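Chemist: Residues in the sequence shown are numbered from 52 upward in steps of one, following the working numbering.
We treat Cβ as the ideally placed atom computed from N, Cα and C, and that holds for glycine.
Values in this document were obtained by computation on a predicted structure and should not be read as measured data.
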Amino acid sequence: MPSRRPHTKSRAGCKRCKEKHIKCDEAQPVCGACARYNVPCVPKPSRSRAKPASSAQSQPSVSPGPIQGAESRSSITVWEFGLLHHWILHVADSFNVSRGFCDAWRNHAIKDAVQHDFFLHMILMLSCLHLALTKSPSFTEAHRAFILEGCSVATARFRIEAGNINDSNCQVVRGFPFLLSIYGFALGQLDCEDKSDEAVLDEMIHILILIKGNSLIRDTTNPWMQLRGLEAWMDEKDVFTNDPNELQSDLDLVRAVGDLERWIDSSDDDLAVKASNTNTVNLFKGALDFHLKLNLRPLAWPNVIQNDYLDLLRQRNPMAMVILAHYAVILGQCSSQWWCSNWGVQLVSVIASLLPEKYTGAMAYPRRMLNLNPDRQ
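Written out as structure tokens, the structure reads:
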């Protein structure tokens, strides 16, 4: 009799997967099954465990404390205050999108963060990552330990809040995916010199999944805000551009991505794979029509990618990787951003090293745009 398979039951899966008796992949903020069927992803409730009370430390050895519920904080530690101060003075402006955008993340975000611990956690996390990636002398081992703890508790709380939208949490639920997206890119820049090519590509796939959930959250919060007459943190002019130079760069990239269709048609892939890659190219071109401001553009295309394309990337399909290399051009345009500084060059270099030589021509545009000559891997 064959031996039993190892136990692989999901321990932190979502409520829907539990009810459907399927294994949840536990992706956050939206698991793969919920994303595929475009339904809210709410974690299954867990039993709370009582913990002995402990006095607050001015600078914790690992983290500033456990994530609370949706209640307001009665106080913050000195260590947390220092990170909030760093966010206000440095991190909010570092996004460099528009004055209104930066003001919203400096003022509205902080006001709401002290009322929602899961949101505060992400702001503290990004402040730590900003200190690390800008090589600040203020960065300490306590900051590194906090980063390495991750944000799974915060994202779990976010998923609960996203399933129960109300006037109090609507804005932070709406803003959390942006923080989570920046977190994904920034974490990938931490200690990046120690990662293999395969690890870099897998990490980018995970980032794409993180960003993919944004559109589901927006579809949930927009109707509520309209119904309740809630004012957004920022105006559309703070997010979208009509700058001729930026629009011209979009047109150049649209043409380059469009040229990939002949490479897809001439590939050895079967018809289903060709159809998936062709659809991805069309979605890519459509995402460029959003005309987001420069430093928000890395968030556009991942919002609309499909699960079958992500599967092709996991399988290392050559044309799927070539399309991703063209997305790296957008990352390269944002190289001045601390959270995105090396992603463009790194991703194109990794993809070029993994592709068969016959795809060299298909990689010409991203290599040229990122100043990578054909001999550089």
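Taking DSSP as the reference, what is the three-state secondary structure of leucine 343?
Modeler: DSSP places leucine 343 in strand when its eight states are reduced to three.
Chemist: Excluding the 5 residues flanking isoleucine 198 on each side, which residues of the same chain have their C-beta closer than 8 Å to its C-beta?
Modeler: If we look at isoleucine 198 and ignore the five residues flanking it on each side, its Cβ neighbours are Met176, Cys179, Leu180, Ala183, Leu238 and Leu241.
Chemist: For cysteine 65, which of helix, strand or coil comes out of DSSP?
Modeler: Of the three classes helix, strand and coil, the one that applies to cysteine 65 here is strand, per DSSP.
Chemist: Run the proximity test for histidine 159: is its beta-carbon closer than 6 Å to any non-hydrogen atom belonging to the ligand SAH?
Modeler: Here there are no bound small molecules, and the ligand SAH is not part of this structure.
Chemist: Specify, as a first and last residue, the run of the alpha helix (DSSP H) that proline 417 falls within.
Modeler: Segment 415-420, the alpha helix (DSSP H) holding proline 417.
Chemist: Terminal residues of the continuous alpha helix (DSSP H) containing aspartate 151?
Modeler: Residue identity check: residue 151 is glycine in the sequence provided, not aspartate. Counting along the chain, the alpha helix (DSSP H) containing glycine 151 begins and ends at 150-157.
Chemist: Taking the alpha helix (DSSP H) that glutamate 408 belongs to, which residues open and close that run?
Modeler: Glutamate 408 -> no alpha helix (DSSP H), and no H or E assigned at all.
Chemist: Thinking C-alpha only, which one of Asn333, Val129, Asp144 and Cys82 is nearest asparagine 346?
Modeler: Checking every option, the nearest Cα to that of asparagine 346 belongs to Asp144.
Chemist: May I ask you to verify whether the segment 221-233 touches the segment 188-196, counting CB pairs closer than 8 Å and requiring at least 3?
Modeler: No contact exists between the segment 221-233 and the segment 188-196.
Chemist: Do the segment 367-382 and the segment 320-340 make contact, defined as three or more Cβ pairs closer than 8 Å?
Modeler: Judged by Cβ distances under 8 Å, the segment 367-382 makes contact with the segment 320-340, as three or more pairs qualify.
Chemist: Among the residues of its own chain, which have a CB less than 6 Å from the CB of alanine 78, if the five just before and after it don't count?
Modeler: Hits under 6 Å: Ile260.
Chemist: Assuming alanine 307 and histidine 377 form a contact by the criterion Cβ under 8 Å, report the distance between their Cβ atoms to the nearest whole angstrom.
Modeler: Contact flag correct, Cβ pair sits at about 6 Å.
Chemist: Does the separation of the CB atoms of proline 353 and isoleucine 268 fall below 7 Å?
Modeler: Taking 7 Å as the Cβ cut-off, proline 353 and isoleucine 268 do not qualify as a contacting pair.
Chemist: Using 10 angstroms around the beta-carbon of glutamate 212, count the other beta-carbons present and answer buried if the total reaches 16, otherwise exposed.
Modeler: Buried, since its Cβ has 16 or more Cβ neighbours within 10 Å.
Chemist: Would you mind giving the Cβ-Cβ distance between aspartate 289 and valine 148, rounded to the nearest angstrom? I have them listed as a contact below 8 Å.
Modeler: That belief holds up - the Cβ atoms of aspartate 289 and valine 148 are roughly 7 Å apart, short of 8 Å.
Chemist: For cysteine 82, which residues in the same chain have their Cβ closer than 6 Å to its Cβ, ignoring the five residues on either side in sequence?
Modeler: Excluding sequence neighbours, cysteine 82 sits near Cys65, Cys75, Asp76 and Cys92.
Chemist: Do histidine 159 and tryptophan 275 have their CB atoms nearer than 7 Å?
Modeler: Not a contact, by the Cβ cut-off of 7 Å.
Chemist: Between glutamine 357 and the rest of its own chain, which residues show a CB-CB distance below 8 Å, the 5 nearest in sequence each way excluded?
Modeler: Ser327, Asn330, Thr331 and Leu334, listed in sequence order.
Chemist: Does the segment 124-141 come close enough to the segment 158-172 to have 3 or more Cβ pairs within less than 8 Å?
Modeler: Segments in contact, yes.
Chemist: Do the CB positions of alanine 379 and proline 417 come within less than 7 Å of each other?
Modeler: Yes, they are a contact pair.
Chemist: Taking valine 373 and alanine 415 to be in contact with their CB atoms under 8 Å, please state how far apart those CB atoms are, rounded to whole angstroms.
Modeler: Not really, about 10 Å apart at Cβ, beyond 8 Å.
Chemist: Given tryptophan 156, which residues of its chain have a CB within under 7 Å of its CB, disregarding the five upstream and five downstream residues?
Modeler: Excluding sequence neighbours, tryptophan 156 sits near Ala143 and Phe146.
Chemist: Can you check which of these residues, Glu244, Arg195 and Leu252, is closest to leucine 375 by C-alpha distance?
Modeler: If we check each option's Cα against that of leucine 375, Leu252 comes out closest.
Chemist: Determine whether the beta carbon atoms of cysteine 391 and leucine 398 lie at a separation below 7 Å.
Modeler: The answer is no: Cβ separation not under 7 Å.
Chemist: Given a cut-off of 7 Å on the beta-carbon distance, is the pair alanine 205 and methionine 173 in contact?
Modeler: A contact, by the Cβ cut-off of 7 Å.
Chemist: Buried or exposed, going by whether 16 or more other CB atoms sit within 10 Å of the CB of proline 407?
Modeler: Counting Cβ neighbours within 10 Å, proline 407 comes out exposed, since fewer than 16 surround it.
Chemist: Is DSSP giving arginine 427 helix, strand or coil here?
Modeler: Reliability fails at arginine 427, whose pLDDT of 42 lies under 50, so the model's placement of it is uncertain and the value that follows must be treated cautiously. Reduced to three states, the DSSP call for arginine 427 is coil.
Chemist: Going by Cα to Cα distance, which pick from Ile127, Glu131, Leu134 and Cys153 is closest to lysine 344?
Modeler: The shortest C-alpha separation from lysine 344 is found at Cys153.
Chemist: Please list the terminal residues of the continuous alpha helix (DSSP H) segment that includes glutamate 212.
Modeler: Counting along the chain, the alpha helix (DSSP H) containing glutamate 212 begins and ends at 203-213.
Chemist: So for phenylalanine 291, helix, strand or coil by DSSP?
Modeler: Looking at phenylalanine 291 - three-state DSSP - the assignment turns out to be strand.
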